[in-house]
Amino acid sequence: MAPDLADDASSPAPLRGWPKRFASFLFDSLQGRFVLAMLGGLALVQLAVNLVWYSQIEQRVRRQTELAAHHVASGAIGAVRALRELPAAYRPLLIEQLRTMGGTRFLVFFNNAEVAVAQLPGQPMARMLEQQVTQELTAQLPKDTRLRVALASPIALGVSPGGALLGDLPESWVEPSLITAERPAPFLVIQAETEPGQWLYLGSTLPDPYFLEQLEFFTWQRLTPQLLALGLAVGLTLIAVRAITRPLAGLSQAAARVGRRVAPKPLRVSGTQEVRQAIEAFNDMQERIRRYIGDRERLFASISHDLRTPITRLRLRSELLDDPAVQDEFHEDLDELDMMVKTALQIVKDTDIHENRAPLRIDLVLQKMVRDARMGGHKVELECEALTVFGKPLALKRAIGNLLDNAMFYGEGQQQPVEVGIAPGEDGMVLVTVRDHGPGVPEAALARLGQPYMRLEHGAAMRKEGLGLGLSIVREIVGDHGGTLRFRNHPEGGFEVRLALPAG
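Quick note on full-length UniProt numbering: the sequence shown kicks off at 1 and runs consecutively.
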């Protein structure tokens, strides 16, 4: 395995904690993808419905605006004509009478100059209203009449060139023409120059004072019910998907147990037709695996029993040979044959140890191993934390002991000691590292380490009696516990093994 590369400082930091778990649920799990698909589909449908609804509302408001513009323009034309034809001396009397007794929807002033009025910003429908009122007034009034039309906010609205504001006027003057509520309605101001230096100021609300608010479609008042409905739909979908995928979760857990050589139990067949078919197929597979393992154990037991008798008989007969050299050759062949039988049985037994799983203080186990190694004259350094793993104690001791024995053997004669470490790993794992300072392993051979009977040239030269089964047994035990085993040549020299085990 190539050395680990350092993270690029410019790369974004990976997600950790609950954001990582949430992202994993949302994008990696079947439930999360169902929710995303449902949420995306509902959001698109809701958006399409809202756009159609908004288009219809806009058309309705446009028709209402046209009718309101025509209605207000007709009233304003009559008022302008009447006041224009009235002698100037009688105009103040008529305006005072209108203010006192009513009779018009307009707030009326005569000013000696135009009053600056700020239009409502960002309202295309208001601009359409102003344009239509201006067109109708222009068509009905004398061509030399100067006009100013603006839909404005009544707050701080000027009514005279001298700076008088609408809010400063007596309530009786503005009540017929203005809705003075908590949210004042927009005020339409029409200014017409009836003669040079004389500007008629007409102000009024529209028949539907709050017509512009109908176009404020995406407001919290309208979005809240839609969001609540969307959330309810997603919640119900999540509940339904959980019920549908629950058998799949059980199937996944059962598959993991089979991979860890836990005694298989048939799963309860439930769920949809496709899920039931998958569970039935899985139960059949479990039964076939169970029969296969049982047959394998019985086969090796039979082979062991059948071969021991002829081997023993041959060993006894070899004692009858007169030639000591031939007798030694017979003994050597019989010893090799006996070792082959024991090796085959060892592969079966050592990789399928029948013991209960329990929490194990892995740091205490390594402390004892290191202490025993030091008593044997080996140089070993240990750096560890108090960590617990969950597994088969005897099998784990055998696996880690095998790694430590290899490191001490191949690191023998080096100045640096064997380094053993324990630290918390990622995703709820405990990381055990064993490093020697020996010659290492050729890069081409790293991928083949852990295969049965796999021996490197320098290892075979240093230890002729080995069979190449140690790392194979370690790999099987680690896989049985749901862990991982990684080999690499350390960048600073030597060989390193990284063993990850589930935390207890």
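Glycine included, each C-beta is placed from N, C-alpha and C at the ideal position. Note that the coordinates shown come from a computational prediction; the quantities given were computed from them, not determined experimentally.
When you compare each of Ala37, Asp363, Lys20, Ala68 to Phe211 by their alpha carbons, which one comes out closest?
Reading the sequence shown from its first residue, position 211 is the one you call residue 211. With distances taken between Cα atoms, Phe211 lies closest to Ala68.
Counting C-beta neighbours from all protein chains within 10 Å, is the total for Lys20 16 or more, i.e. buried, or is it exposed?
The residue you call residue 20 lines up with position 20 of the sequence shown. With fewer than 16 other Cβ atoms within 10 Å, it is exposed.
What do you reckon, are the CB atoms on Ala240 and Phe282 nearer than 8 angstroms?
Translated into positions along the sequence shown, residue 240 becomes position 240. Translated into positions along the sequence shown, residue 282 becomes position 282. In this structure, Phe282 does not lie closer than 8 angstroms to Ala240 by Cβ.
Taking the alpha carbon of Leu400 as the point to measure from, which residue in Glu332, Glu476, Glu329, Met339 has its own alpha carbon closest?
Walking along the sequence shown from the start, residue 400 turns up at place 400. A small correction: the amino acid at residue 400 is Ile; Leu does not occupy that position in the sequence shown. Among Glu332, Glu476, Glu329, Met339, the Cα nearest to that of Ile400 is on Glu476.
Rounded to the nearest angstrom, what separates Thr245 and Ser24 at their Cα positions?
To locate residue 245, count along the sequence shown from 1; it is residue 245. To locate residue 24, count along the sequence shown from 1; it is residue 24. Rounded to the nearest angstrom, the two C-alpha atoms are 16 angstroms apart.
In whole angstroms, give me the CA-to-CA distance for Leu202 and Ala79.
Taking the first residue of the sequence shown as position 1, residue 202 is located at position 202. Taking the first residue of the sequence shown as position 1, residue 79 is located at position 79. Their backbone Cα atoms lie some 9 angstroms apart in a straight line.
For the beta strand (DSSP E) containing Thr134, name the first residue and the last one.
The residue given as residue 134 occupies position 134 in the sequence shown. Unbroken run through Thr134 is the alpha helix (DSSP H), 124-140; no beta strand (DSSP E).
Can you tell which of Val159, Gly197, Gly167, Gly250 has the C-alpha that lies nearest to the C-alpha of Ile190?
Taking the first residue of the sequence shown as 1, we reach residue 190 at position 190. Comparing Cα positions, the closest option is Val159.
Taking only the alpha-carbon atoms, compute the straight-line gap between Pro121 and Pro186 and give it to the nearest angstrom.
Against the sequence shown, residue 121 aligns to sequence position 121. Against the sequence shown, residue 186 aligns to sequence position 186. Distance between the alpha carbons of Pro121 and Pro186: 12 angstroms.
Whose CA, out of Val35, Arg317, His378, Leu227, lies closest to the CA of Val420?
Sequence index remark: in the sequence shown, residue 420 carries index 420 (1-based). Comparing Cα-Cα distances from Val420 to each of Val35, Arg317, His378, Leu227, the minimum goes to His378.
Let's see if you can read the secondary structure: which residues bound the alpha helix (DSSP H) around Val72?
On the sequence shown, residue 72 is found 72 positions in, with the first residue counted as 1. Start and end: 30-85.
Please list the terminal residues of the continuous alpha helix (DSSP H) segment that includes Pro393.
The count along the sequence shown starts at 1 and reaches residue 393 at position 393. DSSP places Pro393 inside the alpha helix (DSSP H), whose first and last residues are 393-410.
Whose CA, out of Leu396, Asp306, Arg308, lies closest to the CA of Ala358?
Numbered from 1 along the sequence shown, position 358 holds the residue referred to as residue 358. Answer by Cα proximity: Leu396.
Identify, in the order they occur along the chain, each residue of the same chain with its Cβ nearer than 8 angstroms to the Cβ of Trp220, setting aside the five sequence neighbours on each side.
Residue mapping note: residue 220 aligns to position 220 of the sequence shown, counting from 1. So the list is empty, once near-sequence residues are dropped.
Rounded to whole angstroms, what is the Cα-Cα separation between Leu382 and Val275?
As a position in the sequence shown, residue 382 is number 382, starting the count at 1. As a position in the sequence shown, residue 275 is number 275, starting the count at 1. When rounded, the distance between both Cα atoms is 50 angstroms.
To the nearest angstrom, how far is the alpha carbon of residue 509 from that of Met408?
The chain is shown only over 1 to 504; residue 509 falls outside these bounds and no answer can be derived.
For the 8 angstroms Cβ check, are there 3 or more pairs between the segment 425-439 and the segment 491-504?
yes
Could you pull out every residue in the same chain whose Cβ sits closer than 7 angstroms to the Cβ of Thr138, ignoring the five residues on either side in sequence?
Here residue 138 corresponds to residue number 138 of the sequence shown, with the count starting at 1. Counting only Cβ-Cβ distances below 7 angstroms, and skipping sequence neighbours, we find Leu147.
Going by beta-carbon coordinates alone, are Leu501 and Val418 separated by less than 8 angstroms?
To locate residue 501, count along the sequence shown from 1; it is residue 501. To locate residue 418, count along the sequence shown from 1; it is residue 418. Cβ atoms of Leu501 and Val418: not closer than 8 angstroms.
Nearest to Glu66 by CA position, among Ile155, Ala503, Leu387, Arg127, is which residue?
Mapped onto the sequence shown, residue 66 falls at position 66. When each option's Cα is compared against that of Glu66, the closest is Arg127.
Evaluate contact between the segment 228-242 and the segment 42-57, counting only Cβ atoms and requiring at least three cross-stretch pairs below 8 angstroms.
yes
Drop a sphere of 10 angstroms on the beta-carbon of Met339, count the other beta-carbons inside from all chains shown, and report buried for 16 or more, exposed for fewer.
Within the sequence shown, the letter at position 339 stands for residue 339. Met339 is exposed by the Cβ-count criterion.
Among residues of its own chain, excluding the 5 on either side of Ile77, which ones have a beta-carbon nearer than 8 angstroms to its beta-carbon?
As a working note, residue 77 is residue 77 in the sequence shown. Excluding sequence neighbours, Ile77 sits near Glu136, Leu137, Gln140, Leu141.
Look up Gly483 in the DSSP assignment and say whether it is helix, strand or coil.
Residue numbering aside, residue 483 sits at position 483 when the sequence shown is read from its first letter. Residue state, collapsed to three classes: coil.
Using the Cα positions of Lys143 and Val72, report the straight-line distance between them to the nearest angstrom.
In the sequence shown, the residue the question calls residue 143 occupies position 143. In the sequence shown, the residue the question calls residue 72 occupies position 72. Linking Lys143 to Val72 through their CA atoms gives a straight-line distance of about 20 angstroms.
Compute the Euclidean distance between the alpha carbons of Ala229 and Ala37, then round it to the nearest angstrom.
Counting from 1 along the sequence shown, the entry for residue 229 is found at position 229. Counting from 1 along the sequence shown, the entry for residue 37 is found at position 37. About 16 angstroms.
Do Arg192 and Thr145 have their C-beta atoms closer together than 8 angstroms?
In the sequence shown, counting from the first residue as 1, residue 192 sits at position 192. In the sequence shown, counting from the first residue as 1, residue 145 sits at position 145. This sequence places Ala at residue 192; Arg is not what is there. Against a cut-off of 8 angstroms, the Cβ pair of Thr145 and Ala192 comes out as a contact.
Using the Cβ count rule (16 or more neighbours within 10 Å means buried), how would you classify Tyr410?
As a first step, residue 410 is located in the sequence shown; it is residue number 410 there, counting from the start. So Tyr410 ends up on the buried side.
Rounding to the nearest angstrom, what Cα-Cα distance links Asn489 and Glu443 in this structure?
Along the sequence shown, one-based indexing puts residue 489 at 489. Along the sequence shown, one-based indexing puts residue 443 at 443. Distance between the alpha carbons of Asn489 and Glu443 is about 8 angstroms.
Going by other Cβ atoms of all chains shown within 10 Å of its Cβ, with 16 needed for buried, is Pro310 buried or exposed?
Position 310 of the sequence shown, counted from the start, is the residue given in the question as residue 310. Under this definition Pro310 is an exposed residue.
List the residues that DSSP assigns as beta-bridge partners of Arg435.
Counting from 1 along the sequence shown, the entry for residue 435 is found at position 435. Paired residue(s): Glu419, Glu496.
Who are the near neighbours of Asn402 in its chain, counting only those whose CB is closer than 6 angstroms to its CB and skipping five residues on each side?
As a position in the sequence shown, residue 402 is number 402, starting the count at 1. The residues are Gly470, Val474.
Using beta-carbon positions only, say whether residue 584 and Pro196 come within less than 8 angstroms of one another.
Past the edges of the chain, shown from 1 to 504, lies residue 584, and the structure says nothing about it.
Return the CA-CA distance between Leu151 and Gly162, expressed in angstroms with no decimal places.
Reading the sequence shown from its first residue, position 151 is the one you call residue 151. Reading the sequence shown from its first residue, position 162 is the one you call residue 162. In a straight line, the C-alpha of Leu151 is about 21 angstroms away from that of Gly162.
Pick helix, strand or coil for Arg268, following the three-state DSSP scheme.
Position 268 of the sequence shown, counting from 1, holds the residue named residue 268. Coil, per DSSP.
Just the C-alpha distance for Gly75 and Pro124, rounded to the nearest angstrom, thanks.
For the purposes of this step, residue 75 is taken as the residue at position 75 of the sequence shown. For the purposes of this step, residue 124 is taken as the residue at position 124 of the sequence shown. Distance between the alpha carbons of Gly75 and Pro124 is about 23 angstroms.
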